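Counting in our numbering, the sequence shown runs from 80 upward without gaps. Here the structure comes first, spelled out in structure tokens, and everything after it is commentary.
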Amino acid sequence: LEFFLPIGSNAFMVDLANHIEDYAARLPLVASCRIHKLAGISPNALQAAVENLSLKANGVGVIAIDHPRTRNILREIVEAGIRLVTLVSDVPGAPRSAYVGIDNRVAGRTAALLMGRFLGGRTGHLAMVVGSRSYRGHEEREMGFRSVLGEEFPNLTVTSAVEINDEPDISYT
């Protein structure tokens, strides 16, 4: 198995990579598991890593942005006879076998519901911190969040959405 993850300084991605390696090591049918740590989220970073992909791989798991070049790269993997699974954030239109992850729209709706309830009927303006809208999952969470605010908490409005590109330090500035 081969996994392509844009790890960087993202603690979630580091934990995910560690859990994948630990779990795969305990599965008797998994002969090998390699985690490819991508230099970033761009299609160029994915392309550079995929060029080293062994055609002997039985399956590939990938966290990738929703971009035409990304879909082409994923299509090439599948055309080489390798099964593909998108992880955490889906890539619509990619010829994948499955998506493994949460329903991001529901996650955004849940976050808005909690925020609205915690604020207890107060009126206010909210700033939203978004990792990267290039990920379909982040976009879906934002849509879910905004839809519940509009439906259930019209007294709250999102006045700005700050994209931090998965750099947590930016959210504190």
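Even glycine gets a Cβ: it sits at the ideal position worked out from N, Cα and C. As the structure is a prediction and not an experimental result, all values here were calculated from the model.
C-alpha distance - residue i paired with residue j, whole-angstrom precision
i           : j           : result
residue 205 : residue 111 : 46 Å
residue 156 : residue 166 : 15 Å
residue 103 : residue 217 : 27 Å
residue 159 : residue 199 : 54 Å
residue 130 : residue 178 : 23 Å
residue 180 : residue 223 : 16 Å
residue 229 : residue 191 : 10 Å
residue 164 : residue 170 : 10 Å
Residues that DSSP places opposite residue i in a beta bridge
i           : result
residue 150 : BP columns for residue 150 are empty, so no partner.
residue 82  : 114 and 140
residue 207 : 240
Beta-carbon contacts of residue i that lie in its chain and below 6 Å, excluding the five residues immediately before and after
i           : result
residue 234 : 202
residue 173 : 150 and 153
8 Å CB neighbourhood of residue i in its chain, flanking five on each side removed
i           : result
residue 124 : 85, 117 and 118
Residue i, enclosing beta strand (DSSP E) - first and last residue
i           : result
residue 238 : 235 to 242
residue 191 : Run containing residue 191: none in the beta strand (DSSP E); it sits in the alpha helix (DSSP H), 183 to 197.
residue 178 : 177 to 179
Same chain, Cβ closer than 7 Å to residue i, five either side skipped, listed in chain order
i           : result
residue 128 : 83, 115 and 117
> Below 8 Å, can you find three or more Cβ-Cβ pairs linking the segment 145 to 152 to the segment 93 to 101?
Replying inline: No: the two stretches stay apart, fewer than three of their Cβ pairs being nearer than 8 Å.
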